[in-house]
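All remarks here apply to the structure that follows.
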Amino acid sequence: MQTPSIYNAVSDFVDRNVTNGLADKPAFIEGGNVLTYGELQRGTYQMANVLKSLDIRPEARIAILAHDTVEYPVMYWGALRAGVVPVCLNTLLTVEQYDYMLTDSRVQALFVSASLLPVVEPLFARLPFLRHVVVVGGEGHEYADYASLLEQAPTQSETAQTSPDETAFWLYSSGSTGAPKGVRHVHSSPMYVAENYGAGVLGIQPDDICFSAAKLFFAYGYGGAMAIPMSVGATTVLFSGRPTPQTILETLKTHAPTVFFGVPTLYAAMLADTSCQPENSSARLRICVSAGEALPENVGKTWRDRMGVDILDGIGSTEMLHIFLSNRTGAVRYGTSGKEIPGYELRLIDESGADVAAGEIGELLVKGGSAADGYWNQRNKSRQTFAGEWTHTGDKYTCDADGFYHYCGRTDDMFKVSGRWVSPFEVEQALVAHGAVLEAAVVAHEDANGLIKPKAFIVLNADVSQDGLFEELKAQVKETVGPWKYPRWIAFVESLPKTATGKIQRYKLREDTA
Ligand code: 3UK
Numbered sequence: 002m003q004t005p006s007i008y009n010a011v012s013d014f015v016d017r018n019v020t021n022g023l024a025d026k027p028a029f030i031e032g033g034n035v036l037t038y039g040e041l042q043r044g045t046y047q048m049a050n051v052l053k054s055l056d057i058r059p060e061a062r063i064a065i066l067a068h069d070t071v072e073y074p075v076m077y078w079g080a081l082r083a084g085v086v087p088v089c090l091n092t093l094l095t096v097e098q099y100d101y102m103l104t105d106s107r108v109q110a111l112f113v114s115a116s117l118l119p120v121v122e123p124l125f126a127r128l129p130f131l132r133h134v135v136v137v138g139g140e141g142h143e144y145a146d147y148a149s150l151l152e153q154a155p156t157q158s159e160t161a162q163t164s165p166d167e168t169a170f171w172l173y174s175s176g177s178t179g180a181p182k183g184v185r186h187v188h189s190s191p192m193y194v195a196e197n198y199g200a201g202v203l204g205i206q207p208d209d210i211c212f213s214a215a216k217l218f219f220a221y222g223y224g225g226a227m228a229i230p231m232s233v234g235a236t237t238v239l240f241s242g243r244p245t246p247q248t249i250l251e252t253l254k255t256h257a258p259t260v261f262f263g264v265p266t267l268y269a270a271m272l273a274d275t276s277c278q279p280e281n282s283s284a285r286l287r288i289c290v291s292a293g294e295a296l297p298e299n300v301g302k303t304w305r306d307r308m309g310v311d312i313l314d315g316i317g318s319t320e321m322l323h324i325f326l327s328n329r330t331g332a333v334r335y336g337t338s339g340k341e342i343p344g345y346e347l348r349l350i351d352e353s354g355a356d357v358a359a360g361e362i363g364e365l366l367v368k369g370g371s372a373a374d375g376y377w378n379q380r381n382k383s384r385q386t387f388a389g390e391w392t393h394t395g396d397k398y399t400c401d402a403d404g405f406y407h408y409c410g411r412t413d414d415m416f417k418v419s420g421r422w423v424s425p426f427e428v429e430q431a432l433v434a435h436g437a438v439l440e441a442a443v444v445a446h447e448d449a450n451g452l453i454k455p456k457a458f459i460v461l462n463a464d465v466s467q468d469g470l471f472e473e474l475k476a477q478v479k480e481t482v483g484p485w486k487y488p489r490w491i492a493f494v495e496s497l498p499k500t501a502t503g504k505i506q507r508y509k510l511r512e513d514t515a
């Protein structure tokens, strides 16, 4: 028999860069803090030793609930070095959600930013598996201090001899309905993303500087701000605050990244800000990426015309770790998610599981080496989503004759009006194409006869009057997407309910309006 194959991602993403002579090169920059690849490597050895000293053994789990500062990559990659599995938690959740995740994951230690401590502290007494709390930054608390633990730890340790198929880390899926699911990713997945999307689509190079408005705990940010830049020894700019048009522009201007990762709402909000001009942004920007939800065509085009850089819309998921279907530089088709990217295969299937006919709408399935190993302790959901080599996305798409994929909404949001399908998504796109509209969400609503019709919730741009808008918007929808699809009701609202990762929670609007 052969010896089992050994692969620990930390060797590829951290050690290889040091071996290649990049020890003094900045890997991460946040505010005035710089972390070189050499410092990162030393820190990960120390972190591995800290875990050992806390008696956290390989294969056990720890939680990282931290802001995007230079400590984050040290904790994350240090855990991988020790063979310990970090569970990267969203920093924007409620105590109930943390209760669920910390209980479900049975983490033995929690590494938490000082400012987030008050949210989770009430839970500590009733988490039987939690043995250690380590606080990053801050003082005057009763817990172990991350910086002192690290400083005291030896700078050499062994690297756990993990398998390429072994769980490396978890992310919780931010499903817009139902309980969150622990998504288990293996050691070989980050490099799969870096090679196929990072190198293949972005053409990532060592002299690139990446900046992601999506945080590291989100798979999109994890790829854009860790896996992809680190795979080639590039530099990442981190921003630990709240992303707003102003803070993002300041970071773009100050650090002049070459690649920027944003979400559609942010691009739209930035464009609504008159100070969003090339001279106030990065002088070196070569690619912008959008993911998380579909990028409206007009947002993409307006950005390109104003900022002189294309936005590459691509779809990814927590289950696939990163983007598997994307637009490409020089061949962008705004209003689409682009084409299949090498390394991934796609299918569109109907309700019976058969491939749909050309041009027909179907559920998107994806096959590729970055698929998760499954959900933690949710066998039925795992089997439904990870059906053999194919992962079900829950997204509806059509594929045109040129191979471009057109997003048609989630499988569960579609409804019928007068027997004909309405995709809330396409109605929303027709609404946001109107200059007065910042954001729109459409749900099914019963009329006085108990028949289902579209209802729109709309956030207007600043200083826009509602006068006559209802009629204009109805006409716009009828003309652009179909006469039966226009909203019979419009509610003008201040904001839309969203998940922590920015996805519209249509089910909340449905409940509110029922
Ligand atoms: C939706 C999109 C249309 C789609 C993600 C990039 O968003 C990410 O992961 P999540 O698990 O959500 C996945 C779901 O979000 N979606 C994402 N991108 C697009 N819909 N156009 C898009 N471009 O419903 C998908 O199933 O939070 C994004 C990289 C890694 C990610 N995890």
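All residue numbers for the sequence shown refer to this note's numbering, where the first residue is 2 and numbers rise by one.
Glycine is no exception: its CB is placed at the ideal position from the N, C-alpha and C atoms.
Remember, it's a predicted structure, so these values are computed and weren't measured experimentally.
Item                                                                                                                                                                                 : Value
Taking the beta carbon of residue 171 as the centre, do at least 16 other beta carbons fall within 10 Å, making it buried, or is it exposed?                                         : buried
Can you give the Cα-Cα distance for residue 389 and residue 257, rounded to whole angstroms?                                                                                         : 43 Å
Between 458, 507, 378 and 491, which lies nearest to residue 182 when the distance is taken from Cα to Cα?                                                                           : 378
Can you confirm whether the stretch 23-39 touches the stretch 229-247 when touching is taken to mean that 3 or more C-beta pairs between the two stretches lie within less than 8 Å? : yes
Just checking my contact of residue 19 with residue 42 at CB under 8 Å: how many whole Å lie between their CB atoms?                                                                 : 5 Å
Buried or exposed for residue 209, please, with buried defined as at least 16 other CB atoms from any protein chain shown within 10 angstroms of its CB.                             : buried
For residue 147, I'd like the list of residues in its chain whose CB is within less than 7 Å of its CB, leaving aside the five on either flank, ordered along the chain.             : 72, 112, 135, 136 and 137
Considering only the beta carbon of each residue, do residue 108 and residue 64 sit closer than 8 Å?                                                                                 : yes
From residue 132 to residue 186, what distance separates their C-alpha atoms?                                                                                                        : 24 Å
Starting from residue 327, follow the beta strand (DSSP E) in both directions and report where the run begins and ends.                                                              : 324-327
Helix, strand or coil for residue 311? Go by DSSP, reduced to three states.                                                                                                          : coil
Check for me: the beta strand (DSSP E) holding residue 347 runs from which residue to which?                                                                                         : 345-350
Taking only the alpha-carbon atoms, compute the straight-line gap between residue 326 and residue 296 and give it to the nearest angstrom.                                           : 14 Å
Can you list, in chain order, the residues of its chain whose CB lies under 6 Å from that of residue 235, leaving out five sequence neighbours each side?                            : 207 and 209
What's the call for residue 301, buried or exposed, on a 16-neighbour Cβ count within 10 Å?                                                                                          : buried
Alpha carbon to alpha carbon, how far is residue 218 from residue 94? Give it in angstroms, no decimals.                                                                             : 12 Å
Which two residues bound the contiguous beta strand (DSSP E) that contains residue 4?                                                                                                : Segment: none, residue 4 is in no beta strand (DSSP E) and carries neither H nor E.
I'd like to know whether the C-beta atoms of residue 445 and residue 478 end up nearer to each other than 8 Å.                                                                       : no
Does the stretch 244-254 come close enough to the stretch 117-128 that 3 or more CB-CB pairs lie under 8 Å?                                                                          : no
Within this structure, are the beta carbons of residue 269 and residue 510 separated by less than 8 Å?                                                                               : no
Going by other Cβ atoms of all chains shown within 10 Å of its Cβ, with 16 needed for buried, is residue 450 buried or exposed?                                                      : exposed
Can you check which of these residues, 493, 360, 26 and 203, is closest to residue 437 by C-alpha distance?                                                                          : 493
So for residue 384, helix, strand or coil by DSSP?                                                                                                                                   : helix
DSSP state of residue 218, grouped into three classes?                                                                                                                               : coil
Would you report the Cα separation of residue 491 and residue 369, rounded to the nearest angstrom?                                                                                  : 42 Å
Residue 205 to residue 195, Cα distance in whole Å?                                                                                                                                  : 9 Å
Helix or strand or just coil, what does DSSP make of residue 431?                                                                                                                    : helix
If you count every other CB in all the chains shown that lies within 10 Å of the CB of residue 125, and 16 or more means buried, which is it?                                        : exposed
So what does DSSP say about residue 494, is it helix, strand or coil?                                                                                                                : coil
Within 10 Å of its beta-carbon, does residue 283 have 16 or more other beta-carbons around it, so buried, or fewer, so exposed?                                                      : buried
Does ligand 1 have even one heavy atom less than 7 Å from the beta-carbon of residue 369?                                                                                            : no
Can you give the Cα-Cα distance for residue 189 and residue 75, rounded to whole angstroms?                                                                                          : 19 Å
Could you please give me the residues that DSSP links to residue 34 through a beta bridge?                                                                                           : 31
Just curious, the alpha helix (DSSP H) that residue 191 is in, first and last residue?                                                                                               : 190-194
Hey, quick one: how far does the beta strand (DSSP E) through residue 291 stretch, first residue to last?                                                                            : 288-291
Per DSSP, residue 114 forms a beta bridge with which residues?                                                                                                                       : 137
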